[in-house]
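For reference, the structure discussed in these notes is given below.
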Amino acid sequence: MGLRLYNTLSRRLEEFQPLEQGRVSTYTCGPTVYDRAHVGNFRTFLCEDILRRYLKWKGYEVVQVRNLTDVDDRTIHAAVQRGIGLRELTQPYIQAFFEDHDRLGLERAEYYPRATDYVPQMIELVQKLVERGLAYEADGSVYFDISEFPSYGSLAQIDTSALREGEREAGDQVYDKEDARDFVLWKGGERPEEGDVAVWDSPWGPGRPGWHLECSVLALTHLPQPFDIHSGGVDLIFPHHTNEIAQAEGATGKPFARFWLHAKHALLDGRKMSKSEGNYLTLDDLVEHGYRPSAIRRLLVSGHYRTELNFTLASLDDAARSVERLIEVRRRLEVSLSEDVEAPRTRLAELTQRALAEFEEAMDDDLNVAEAWGALFVLAREANSELDRAGDRVPAVEAQAALDAVASMDQVFGVLALAEGEVAEVSAEKRSWIEARLTERARARAAGDYARADAIRAALAGEGVEVEDTPSGSRWKLRR
RNA sequence: GGCGCCGUAGCCAAGUGGACUAAGGCGGGGGCCUGCAAAGCCCUGAUUCGUGGGUUCGAAUCCCACCGGCGCCUCCA
Numbered sequence: 330m331g332l333r334l335y336n337t338l339s340r341r342l343e344e345f346q347p348l349e350q351g352r353v354s355t356y357t358c359g360p361t362v363y364d365r366a367h368v369g370n371f372r373t374f375l376c377e378d379i380l381r382r383y384l385k386w387k388g389y390e391v392v393q394v395r396n397l398t399d400v401d402d403r404t405i406h407a408a409v410q411r412g413i414g415l416r417e418l419t420q421p422y423i424q425a426f427f428e429d430h431d432r433l434g435l436e437r438a439e440y441y442p443r444a445t446d447y448v449p450q451m452i453e454l455v456q457k458l459v460e461r462g463l464a465y466e467a468d469g470s471v472y473f474d475i476s477e478f479p480s481y482g483s484l485a486q487i488d489t490s491a492l493r494e495g496e497r498e499a500g501d502q503v504y505d506k507e508d509a510r511d512f513v514l515w516k517g518g519e520r521p522e523e524g525d526v527a528v529w530d531s532p533w534g535p536g537r538p539g540w541h542l543e544c545s546v547l548a549l550t551h552l553p554q555p556f557d558i559h560s561g562g563v564d565l566i567f568p569h570h571t572n573e574i575a576q577a578e579g580a581t582g583k584p585f586a587r588f589w590l591h592a593k594h595a596l597l598d599g600r601k602m603s604k605s606e607g608n609y610l611t612l613d614d615l616v617e618h619g620y621r622p623s624a625i626r627r628l629l630v631s632g633h634y635r636t637e638l639n640f641t642l643a644s645l646d647d648a649a650r651s652v653e654r655l656i657e658v659r660r661r662l663e664v665s666l667s668e669d670v671e672a673p674r675t676r677l678a679e680l681t682q683r684a685l686a687e688f689e690e691a692m693d694d695d696l697n698v699a700e701a702w703g704a705l706f707v708l709a710r711e712a713n714s715e716l717d718r719a720g721d722r723v724p725a726v727e728a729q730a731a732l733d734a735v736a737s738m739d740q741v742f743g744v745l746a747l748a749e750g751e752v753a754e755v756s757a758e759k760r761s762w763i764e765a766r767l768t769e770r771a772r773a774r775a776a777g778d779y780a781r782a783d784a785i786r787a788a789l790a791g792e793g794v795e796v797e798d799t800p801s802g803s804r805w806k807l808r809r
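Using my numbering, the first residue of the first sequence is number 330, and each one after it goes up by one.
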């Protein structure tokens, strides 16, 4: 059974096969770089990262484009307000985006085009639409004529006649559209409130591209048409993706994208996470409070992408503890590797195989990560159980098989790999201080002086060092 | 008004007509282990899936109604 994905176009699960053998082309809507992205934005990006990683896990080559929106109302207003240029405004936020991106363990896409680098191509696309009678110029602006594009709105399954007309006309933005439902491709005319931060020459006079234009152009530039998968947040289904389709298909006469995937939003304490509501958290906010990216990633990819995810600090604590559990079982397997041929046989190989099969089955089912996590945690429990029975000494091949399976699943989850990089450095002095305390404590225990042993353990705990006594001696680790 | 989603144990969350006698995580209780802990394991926790009806041999899963929560409807991931 192969991978099945829920396609917004058909509103049902469809068997996924790339058009080109062995190679998947994807377009994923990226951030608007007028401010730092919040963890809700990253929830969507992480869902797409899981998709990317799983496609690779299945053996496909992936070509992914993720755009950076550096020209739209928000970037322009922010630049004007601060009296700086668009590039000057967006550059630090692009950098911040990549910092957060990497800290959350997202794999890098193949292309990160910025909208402003493609204005000539956008103009070309608009010209094509005008030539084909799908767009018209009015007072320096160009609009898409939805009445000339019969399938308009099919992605969102909206009846265009039901669209509310003229709702935005009352504000300070009055357009010369023939029909209020038409959308703007090129914004010309006088825009004193936008200063000169975003003005390009065009056949229709100075102006700037409409927001939807960039994604059509960037996808057509970097990917075949049609390409395999286009994804983004649910809020983009209408109008953004709807308009993207109209622009691209209108200009080329060919289908734009085959599969459309949409991720539901993250909530913060049960309410929509959004900048405009002031209800959001950034990765920095969380890291400053001591939360680890591995736990944040674990929480953000714990649930199905088509289900809302309620982000709370309590859930984040739970997530952190569950990551600990996996790290512990992996550590235990590593130290249990034994070349000793006398080591008792275990069921590890068999359990491992079953876990991988369950993992794949779950992921094949529209990326059901919740169930896939279940397969991993079941393996963790069973492995611990086997290790208990075997006295932590198992044949190397069996322990290695389990370790390989955990690593394989984590190639998709990407959580343990992140956690590895989070281990704090312990200075040589601190290390020797800890070792000295442990030696001292071992002596005290051997002598039956438990009061002293416990005092030393408490002192270590005060320094964030946790002590565990095992049959083969005490070991320590830093509290995470 | 239009389109759509959700309500499963204390919390998070899979399952969406029959091997469900409902995964998994976190937390709680009991036990094993330990000098005591920690870690780990074992046992325990929903006779039940928002409520009320209906369809069916069979429903958490389908239909209807109601209650509660949420998203989108022209530049929000």
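Backbone N, C-alpha and C define an ideal beta-carbon position, used for all residues, glycine too.
Rounding to the nearest angstrom, what Cα-Cα distance links residue i and residue j in this structure?
i, j, result
"Asn713", "Gly703", "15 Å"
"Ala595", "His551", "30 Å"
"Arg722", "Ala728", "9 Å"
"Gly369", "Ile763", "41 Å"
"Ser470", "Cys358", "25 Å"
"Glu657", "Leu745", "11 Å"
"Asp501", "Leu685", "Because the pLDDT at Asp501 is just 35, under 50, the model does not fix this residue reliably, and the value given afterwards should be weighed accordingly. Roughly 57 Å separates the two Cα atoms."
"Val563", "Glu390", "26 Å"
"Phe585", "Glu687", "34 Å"
"Leu628", "Val664", "28 Å"
"Val503", "Phe588", "For Val503, the pLDDT reaches just 47, beneath the cut-off of 50, and the residue's location in the model is therefore unreliable, although a value from the coordinates is still provided. Distance between the alpha carbons of Val503 and Phe588 is about 35 Å."
"Ser483", "Ser339", "9 Å"
"Leu549", "Ser476", "24 Å"
"Tyr472", "Glu466", "6 Å"
"Glu754", "Ala580", "56 Å"
"Val392", "Gly524", "38 Å"
"Arg437", "Asp778", "55 Å"
"Ser480", "Thr636", "28 Å"
"Arg760", "Glu417", "46 Å"
"Lys385", "Gly351", "10 Å"
"Thr361", "Leu732", "40 Å"
"Gly412", "His618", "33 Å"
Taking a contact to mean a Cβ-Cβ separation below 8 Å, would you say residue i touches residue j in this structure?
i, j, result
"Thr355", "Ile558", "yes"
"Val735", "Arg626", "no"
"Leu542", "Leu463", "no"
"Glu668", "Ala719", "no"
"Leu767", "Ser801", "no"
"Tyr634", "Leu716", "no"
"Arg365", "Ala425", "yes"
"Leu677", "Ala730", "yes"
"Leu342", "Leu433", "no"
Got a sec? Which residues, its chain only, sit under 7 Å from residue i by beta carbon, not counting five neighbours each side?
i, result
"Ile344", "At residue 344 the sequence reads Glu, which differs from the Ile that was named. Cβ within range, chain order: Gly331, Arg333."
"Arg497", "Residue placement at Arg497 cannot be trusted, given a pLDDT of 40 that sits under 50; the coordinates are not used to answer."
"Val794", "Ile763, Trp805, Leu807"
"Ala771", "Ser803"
"Thr641", "Asp598"
Between residue i and residue j, which are expected to be in contact by the criterion C-beta below 8 Å, what is the C-beta distance as a whole number of angstroms?
i, j, result
"Leu397", "Arg443", "5 Å"
"Ile379", "Val630", "6 Å"
"Met692", "Tyr383", "5 Å"
"Glu751", "Ser623", "6 Å"
"Gly632", "Ala699", "6 Å"
"Gly539", "Lys506", "Incorrect: roughly 12 Å between the Cβ atoms, too far for contact."
"Tyr447", "Leu547", "6 Å"
Can you list, in chain order, the residues of its chain whose CB lies under 8 Å from that of residue i, leaving out five sequence neighbours each side?
i, result
"Gly414", "Ala408, Val526"
"Met738", "Ala684, Leu685, Phe688, Ala701, Ala704, Leu705"
"Pro553", "Leu348, Glu349, Ser354"
Can you list, in chain order, the residues of its chain whose CB lies under 6 Å from that of residue i, leaving out five sequence neighbours each side?
i, result
"Leu673", "Inspection of the sequence shows that residue 673 is occupied by Pro rather than by Leu. Ala719, listed in sequence order."
"Arg774", "Ala782"
- Message: For the segment 439–459 against the segment 521–537, do three or more pairs of beta-carbon atoms, one drawn from each stretch, fall closer than 8 Å, so that the two count as touching?
- Response: With three or more CB-CB distances shorter than 8 Å, the segment 439–459 counts as touching the segment 521–537.
- Message: For the structure I just gave you, are there three or more beta carbon pairs, one from the segment 600–611 and one from the segment 571–591, closer than 8 Å?
- Response: no
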